[in-house]
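Residue numbers (the working numbering): 76 to 491.
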Ligand SMILES: Cc1cc2nc3c(=O)[nH]c(=O)nc-3n(C[C@H](O)[C@H](O)[C@H](O)COP(=O)(O)OP(=O)(O)OC[C@H]3O[C@@H](n4cnc5c(N)ncnc54)[C@H](O)[C@@H]3O)c2cc1C
C-alpha cells in the first residue's frame, strides 16, 4: 500500500460508515460509494407531510455495546419507550413491564393473564442470565433456537404464545423463532442493559451522525458499484475508480454478487410496516403494543408520536403497524385486515385514520442461515486487499453492523 492508502468502501449503511470512521481516525483516506441518494442504508428516515417515517418500524437499543462506544447518545436525543409492552389479549390491553425500571406496574404485570406468576419471575432470571452471558449455557448451547431456549427456561405455553412469540417475531422478523440462542442472548442483554428508544430525528439520525464526523467529500452518493476488478471498482455508469483496498459494506445478497459467489444467497427476512395518521392518539404513553391474541394481521403496533413528538406535526398522531406474517403482505387487502383488527382494539375512530404509506422491505434482516450456530462470524477478510462488513457478518442488528465495520477496519489496518 502507498503511504496514505485510499480505501474504497462500497455502501454508506451503518457498517460502511463505521468502517470509514475507524479508518479515518487511523489516518487512512477513505471514499464511500453509495448507490442510493442518501446515507443510512436500511436505517433511513423520510419526511412526509410533516410526519417522520422510518423505512420500516425499527428501534434503537440503548444497551447496544458498540453503539455505546462510538455514538454520541446525547446528540441523538433518544426518546425512550416504556420498558415492557402493552399486550393485547382476551379483548383487553395488559401491561407487562420490567419491574426494575417501572416498579409502578409491578402489580398489574404480576396479575396480567399474559403468563403465570412463575413466568414473570423467569423473565427476571432470563434478564440476569442474558446480562451475564450465560443464557445459552443454561439453554443447552448457542446452537439452540430461541424457541428451544424459552422452553428450556420452562416458560408456560401461554407466556410463549401471548408475549414471547409475537414480541420476538417482531424483533427478529422470524415467526418460527428459529433465531440462534446466541443472537437472542445478545439482543436480550441489550434490552436488559438499556432501553428501547427512537432518536428524536428518526432512525436516520444515527447514520447522519456518523457521516457528519467523516472528512468532507468522503461520501459519494448515487454511485452504484457494478463490479470489482482487483482493488478497482467499476460503477454502473462505466466509470472506474482505483483503490489500494476495497471494503464491501452492502447487504449480504449484494456482497455475494460483488464477491462473485457462485451459490445463490438464501432468502432474507422481510418486513412490512403500515403508517397511519390520526387526529388523536389511541393509547397514552410510549408503549410497544404486542398482539398476544395469536391471530390477525397485526404483529406489533406503536404510536410513534407518543415516543417522540417530533414524529408527527403538532396535534396529530403517527401510528405504525408491523405485520404478524410478512408473507401475507399484498395489496390493499392487508390494509383492510389491519384496519379491521385495529377497529376491534381502538373503536370506530380507526376509520378516520389516514393511511400514509406501507413499507414492504425485502431482506430487512439477513438470512438466519448465515449465522453459524457454532458462533464463528463471517471473516472480514475476503482476499488480499478485499474486505467485507455488514450486519450479516455479526448479529444482524444495527449494533452488529457497527461492530462489523470496526472489524473490517481493524483487519485492513493490521494488513497494511
Ligand atoms: C424494517 C427493519 C426493521 C429493523 N429493525 C431493527 C431493530 O429494531 N433493531 C436493530 O438493531 N436492527 C433493526 N434492523 C436491522 C438494521 O437496520 C440493519 O441491521 C442495519 O441497518 C444494516 O446496516 P448495514 O450497513 O449492514 O447494511 P445496509 O443498511 O443494507 O447498508 C448497505 C448500503 O450499501 C448500499 N449499496 C448496496 N449495493 C450497492 C452498490 N452496488 N454500490 C454502492 N452501494 C451499494 C445500500 O444502498 C446501503 O446504503 C431493521 C431493519 C429493517 C429494514
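No residue lacks a Cβ here, since even glycine has one placed at the ideal position from N, Cα and C.
- For residue 249, the closest alpha carbon among the candidates 222, 264, 130 is that of 222.
- For residue 458, the uninterrupted beta strand (DSSP E) run begins and ends at 456–458, by DSSP.
- Cβ neighbours of residue 322 within its own chain (closer than 6 Å, five residues either side excluded): 84, 94, 462, 483.
- When the beta-carbon positions are compared, residue 266 and residue 138 come within less than 8 Å of each other.
- For residue 241, the enclosing alpha helix (DSSP H) stretches over residues 240–247.
- Taking C-alpha positions only, residue 176 is separated from residue 306 by approximately 51 Å.
- Note on the stretch 110–172: whole beta strand (DSSP E) runs with a minimum of 3 residues are 120–123, 126–129, 153–155, 159–164, 167–172, in chain order.
- Contact check for residue 371 and residue 411: beta-carbon distance about 12 Å, past the 8 Å limit, so the pair fails to qualify.
- Take the alpha-carbon of residue 244 and the one of residue 157: they are about 19 Å apart.
- Listed in chain order, the non-local C-beta contacts of residue 380 below 6 Å within the same chain comprise 386, 387, 392, 393, local neighbours out to five positions each way being set aside.
- CA-to-CA, the gap between residue 346 and residue 400 works out to about 9 Å.
- Excluding its 5 nearest sequence neighbours in each direction, residue 309 has C-beta neighbours in its own chain below 6 Å: 301, 302, 315, listed in chain order.
- The C-alpha of residue 438 is placed about 7 Å away from the C-alpha of residue 342.
- Residue ranges of uninterrupted alpha helix (DSSP H) with 4 or more members, entirely inside the stretch 405–490 and ordered along the chain, are 406–421, 473–490.
- CA-CA distance, residue 481 to residue 82, rounds to 14 Å.
- Under the 10 Å beta carbon count, residue 355 is surrounded by fewer than 16 other beta carbons and is classified as exposed.
- Within 10 angstroms of the beta-carbon of residue 459 lie fewer than 16 other beta-carbons, which makes it exposed.
- When secondary structure is reduced to three states using DSSP, residue 344 falls in the strand class.
- Residue range 300–304 is occupied by the beta strand (DSSP E) that includes residue 304.
- Contact annotation: residue 285 and residue 488 have beta-carbon atoms that are not nearer than 8 Å.
- The beta carbons of residue 88 and residue 115 sit closer together than 8 Å.
- Distances between the C-beta of residue 132 and the heavy atoms of ligand 1 include at least one below 7 Å.
- In terms of Cα proximity to residue 423, the closest of 293, 124, 353, 364 is 353.
- In chain order, 137, 155, 158 place their CB closer than 6 Å to the CB of residue 270, counting only its own chain and leaving out the 5 sequence neighbours on each side.
- Under DSSP, residue 392 shares a beta bridge with 353.
- Counting every other CB atom within 10 Å of its CB across the protein chains shown gives residue 127 a total of 16 or more, marking it as buried.
- Annotation for residue 304 indicates a beta carbon at 7 Å or more from all heavy atoms of ligand 1.
- Assigned with DSSP and collapsed to three states, residue 315 falls in strand.
- Here residue 260 is near residue 208, since their CB atoms are less than 8 Å apart.
- Residues 96 of the same chain have their beta carbon placed closer than 7 Å to that of residue 288, with the five preceding and five following residues left out of the count.
- Residue 444 is classed as exposed because its beta carbon has fewer than 16 other beta carbons within 10 Å across all chains shown.
- The Cβ atoms of residue 188 and residue 218 lie no closer than 8 Å to each other.
- Runs of the beta strand (DSSP E) lying entirely within the stretch 244–296 and spanning at least 3 residues, in chain order: 271–274.
- Look at residue 472: its beta carbon is less than 7 Å from one of the heavy atoms in ligand 1.
- At least one heavy atom of ligand 1 lies less than 7 Å from the C-beta of residue 86.
- The Cβ-Cβ distance between residue 110 and residue 465 does not fall below 8 Å.
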